[in-house]
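Here the protein sequences come in this chain order: F and V. Heads up: the first sequence begins at 1 in this note's numbering, then just goes up one per residue. Heads up: the second sequence begins at 1 in this note's numbering, then just goes up one per residue. Even glycine gets a Cβ: it sits at the ideal position worked out from N, Cα and C. Each remark here refers to the structure printed beneath this line.
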Amino acid sequence: MTVKEVVGLILTMISVAVIIAGFVVGGGKVSGDISLPVALTGFVVILIGPWLWLGEVPVAIRKFVEARTGRKLTGGEKK
Amino acid sequence: MTPIIILVVVLAIYGVAYIFYGKRLLEQRIVKADASRPTPAIEKFDGVDYVPANKYVLYGHHFASIAGAGPITGPALALSWGWFLPLVWVLFGNIFIGAVHDYLSLMASVRHGGVSIGTISESVMGRRARYIFLAYIWFALVLVLAAFLSVASSTFVGVPSAAVVALLYMPLALLFGLLVYRVGLSVKAATPLCLVILLGIIVFSLNSGIVLPYEQWVLVLSLYSIMAAALPVWYLLQPRDYLNAYLLWAFVALAVIAPLFVATLPLTGPWITSFIAKGSVIGAVSGTAPANWDIAWFWPTVPLTIACGALSGFHSLVSSGTSSKQLANELDGLLVGYGGMLTEGAVSSLAVILPAAFVWDFSQFAANVGISADLLLKAGLNITATPSIIKISGTARFYTSYGLMQAVAWSKIFGVGSFVDLYKGFYTFAAWCLAAFVLTTLDTANRLARFAWSEMFDWVSPGLRKILANRWFASVVSILIGAVMAYPRIPDPLDPKKTIYAYQIVWPAFSGTNQLLAALALMTAALWVYAVVKVRGAVSYLIMVPALFLWVTVTGALIVWLVYIVPYLPTIYIVTAGVVVLISVVLDFLLLWLFVRGLMSARYSS
């Protein structure tokens, strides 16, 4: 794994943990000082983690496009 | 008149329109869609914006994107004319103008490499038209961003459970995207799995919430909007909107099912109250004299009130922005473009107008369905103080009528004792759906603003263009301006004791700019059909005539605004919203001239 992927994986795990903790602590109601971190994590950070971890061009679409165009895609894609 | 008649007529009209007007005429005779012709999603595939999608996923994504608050708030406000006239306009506008406009914008863009309708205008109206159009589009989108940031933030403050649903949709969308595009699971297999989780989210959200002040929501949603605009479309936007569409389809499905339970009971609302309503119906600022004048003539001002449910310029941007870059096959275009718009029409006609017509007069409604005034009072509705739906203002008019109709229907199964809980539950569900509509439009709007911004700067040096068109930079610029307009409160010029959000000063002009955009997009599409696709004769008039009708209607409505409303606004409104309307009218005639020139040129060159 590259550094970017490791950072992405860690961010993903932290995001999931923060969201779960936010709801568990308040018994479903997220309020007070914890609200902003939970909202920022749930709406923003959780999107960054998997993006860094897994990359931009997914294998399933790449195969589909290669089959339709008959040309091998190069650059940008992963896996 | 009974609910079952409205339901059957509406569904039959949409079915016939889809098959005969959509498939036979638009797809087969005019556009001549061809499955073997590669689409931009395939030819220009980049994994970020140009990504082929499953047609049902794209249909859900497109529908959730085009359906903002408009299909709900517009018809709810238009009830001032009675229920029949808004229903007729929704059906007529939807089938002959709105859906045609959406489908042709989509297909014209697909044939032009996935560029926006603004850039397409260059091929039929010249280079000047392109830059005027793009600048106008970008400005309209910034206004949308400001307004929807504000509306979504206010909704989350008012209904904290709606924020939980929206937040938990994020990991769910990521999961769906990863299952389909990385693991290679089929859409058919991934969908039920995610829907089960979604059901769990909904149940969990009923008793939960995220409490944040308005300003912090603006901040969070602005950052979210940047991510949604810049990240690969398959990763968040497309799966999120697709899964969100299930919530919205459930909302429409319930609106179709409920009338079956009360099929033969009479509607309590008047067919037509008047052809002329108060100026507030067409957006005259509350507190000014024109808001109380009888100047809202049904025609030509109706498109200023009912936008998305019948036709909306914003849709041409979605069609020629995000959707055209994801269409995997030309034959998928009809379901996405034409079908998406008919579905939105169903939201207006069946989920807003029909319930309102049914519950309109609360006393009569209570007598018809056999519930007491006390029961309604327990549900929070005092029918002595508020005798009819028309006395309720804003989005509460929609929540109330939708909630009442659903509660009456389902209490026939669960017993009248459950009426109050059912009403409150469906009232909240309606608020969730409105929030979902708004949020899915907000994130798509910033992506569209990024496209318009990037297309505007094709004339600068390559080095500068690399910076200006960078997806992260372009995603920040528009939302930043939108947030600056949505964030601060300023003294209300009409009542200094009150405050309003800054964007509200310019917002009254939005309905006009948006509908003018629709007229211009349809004229561009009509010219594209005539000059590029080379469809001539009677068939071409089926596009040309509605395009010109829409131009005349919107121009008339803008002139009513300019003459009757703008002069009576406080100065700050005149120099902002008033100037925007004035510029819109000038552009309106300028683009008409370019349209006529383009038409003549195409005619003589052939």
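Using a Cβ-Cβ cut-off of 6 Å (strictly less than) and excluding sequence neighbours within five positions of residue i, which residues of its own chain qualify?
i: ILE500(V); result: ASP492
i: ALA28(V); result: The amino acid occupying residue 28(V) in the given sequence is Gln; Ala does not appear at that position. So no residue of the chain qualifies.
i: PRO270(V); result: GLY82
i: PHE261(V); result: ALA409, LYS412
i: THR159(V); result: Strictly speaking, residue 159(V) in this sequence is Val, with Thr absent from that position. Contacts found: ALA431.
i: GLY598(V); result: VAL124, MET125, LEU527
i: LYS391(V); result: none
i: SER80(V); result: ALA277, VAL281
i: LYS78(F); result: Note on LYS78(F): pLDDT 42, under 50, position unreliable in the model; the coordinate value appears next. Same-chain partners within the cutoff: GLY55.
On the DSSP bridge assignment, give the partners of residue i in chain order.
i: THR499(V); result: PRO491(V)
i: GLY209(V); result: LYS29(F)
i: GLY294(V); result: Looking at the sequence provided, one finds Asp at residue 294(V) rather than Gly. LYS278(V), per the DSSP bridge assignment.
i: SER388(V); result: ASP361(V)
i: LEU327(V); result: ALA53(V)
i: VAL336(V); result: For VAL336(V), which the question treats as bridged, DSSP gives no partner whatsoever.
Contact check, residue i vs residue j under 8 Å by CB: the rounded distance?
i: THR39(V); j: ALA474(V); result: Actually they do not touch by this definition, with Cβ atoms about 24 Å apart.
i: TYR402(V); j: PRO355(V); result: 5 Å
i: VAL151(V); j: SER205(V); result: Not confirmed; about 19 Å, so no contact.
i: CYS433(V); j: GLY74(V); result: Not quite, the Cβ-Cβ distance comes to about 15 Å (not below 8 Å), so this is no contact.
i: PRO50(F); j: GLY8(F); result: 7 Å
i: VAL252(V); j: ALA346(V); result: 5 Å
i: ALA619(V); j: GLY512(V); result: Examination of residue 619(V) is not possible in this model, given that chain V is present from 1 through 606 alone.
i: ILE282(V); j: ALA296(V); result: 5 Å
i: ALA7(V); j: PRO259(V); result: Position check: residue 7(V) holds Leu in this sequence, whereas Ala was assumed. Rounded, the Cβ-Cβ distance is 5 Å, consistent with contact.
i: SER388(V); j: ASP361(V); result: 5 Å
i: MET456(V); j: TRP138(V); result: 7 Å
Would the beta-carbon of residue i fall within 8 Å of that of residue j?
i: GLU5(F); j: LEU47(F); result: no
i: ALA263(V); j: ILE4(V); result: yes
i: ALA147(V); j: TYR503(V); result: yes
i: TYR136(V); j: LEU517(V); result: yes
i: PRO86(V); j: ILE353(V); result: yes
i: VAL65(F); j: PHE45(V); result: yes
i: LEU179(V); j: ALA190(V); result: yes
i: LEU167(V); j: VAL218(V); result: no
i: GLN238(V); j: VAL48(V); result: no
i: PHE320(V); j: ILE42(V); result: According to the sequence shown, residue 320(V) is Ser rather than Phe. Going by C-beta atoms, SER320(V) is not nearer than 8 Å to ILE42(V).
i: THR301(V); j: GLY68(V); result: no
i: GLY370(V); j: ILE66(V); result: no
i: LEU608(V); j: ILE132(V); result: Here chain V covers residues 1 to 606 and nothing more, so residue 608(V) does not appear.
i: ALA76(V); j: PHE398(V); result: yes
i: ALA379(V); j: PHE419(V); result: yes
i: ASN54(V); j: VAL187(V); result: yes
i: SER348(V); j: VAL90(V); result: yes
i: PHE414(V); j: LEU404(V); result: no
i: VAL482(V); j: LEU311(V); result: The amino acid occupying residue 482(V) in the given sequence is Gly; Val does not appear at that position. It is not a contact, given that the beta carbons lie outside the stated cut-off.
i: LEU163(F); j: VAL476(V); result: There is simply no residue 163(F) to check, as chain F begins at 1 and stops at 79 in what is shown.
i: LEU464(V); j: THR288(V); result: no
i: LEU550(V); j: ALA519(V); result: yes
i: VAL612(V); j: GLN326(V); result: Any question about residue 612(V) goes unanswered here, given that chain V covers just 1 to 606.
In chain order, what residues of the same chain lie with their CB nearer than 7 Å to the CB of residue i, ignoring the 5 residues before and after it?
i: CYS194(V); result: LEU172, LEU175, PHE176, LEU243
i: LYS23(V); result: LEU334
i: ALA445(V); result: LEU141, VAL144, LEU145, PHE148
i: ALA607(V); result: Lying outside 1 to 606, the shown extent of chain V, residue 607(V) is not represented and no answer is given.
i: ALA486(V); result: ALA146, LEU149, SER150, VAL218, TYR501, TYR503
i: LEU254(V); result: GLN406
i: ALA385(V); result: none
i: ALA351(V); result: PHE251, VAL252, ALA255, TYR402
i: TYR21(V); result: ILE95
For residue i, which residues of its own chain have a beta-carbon under 8 Å away from its beta-carbon, when the five flanking residues on both sides are left out?
i: TRP293(V); result: LYS278, GLY279, ALA284, TYR564
i: PRO37(F); result: VAL18, GLY22
i: LEU26(V); result: VAL100, TYR103, LEU104, LEU334, TYR338
i: VAL157(V); result: LEU212, PRO213, TYR214, TRP217
i: LEU377(V); result: ILE383
i: ALA602(V); result: VAL124, LEU527, TYR530, ALA531
i: ILE10(F); result: GLY49
Handout entry: Chain-ordered residues of the segment 38-54 of chain F with a beta carbon less than 8 Å from chain V
Key = VAL38, ALA39, LEU40, GLY42, PHE43, VAL44, ILE46, LEU47, ILE48, PRO50, TRP51, LEU54
Exercise for the section: Identify each residue in the segment 216-235 of chain V for which the Cβ-Cβ distance to at least one residue of chain F is less than 9 Å, and report them in chain order. Expected result: GLN216, TRP217, LEU219, VAL220, LEU221, LEU223, TYR224, ILE226, MET227, ALA228, LEU231, PRO232, TRP234, TYR235
Exercise for the section: Determine which residues of the segment 14-27 of chain F have a Cβ less than 9 Å from any Cβ of chain V, and write them out in chain order. Expected result: SER15, VAL16, ILE19, GLY22, PHE23, GLY26, GLY27
Exercise for the section: Scan the segment 204-215 of chain V for residues whose Cβ lies nearer than 8 Å to a Cβ of chain F and list them as they occur along the chain. Expected result: PHE204, ASN207, SER208, GLY209, ILE210, VAL211, LEU212
Problem - Members of the segment 40-58 of chain V that neighbour chain F once the beta carbon cut-off is set at 7 Å - result: ILE42, PHE45, GLY47, VAL48, VAL51, PRO52
Handout entry: the segment 56-71 of chain F: positions lying closer than 7 Å to chain V by Cβ
Key = GLU56, VAL57, PRO58, VAL59, ALA60, ILE61, PHE64, VAL65, ARG68, THR69
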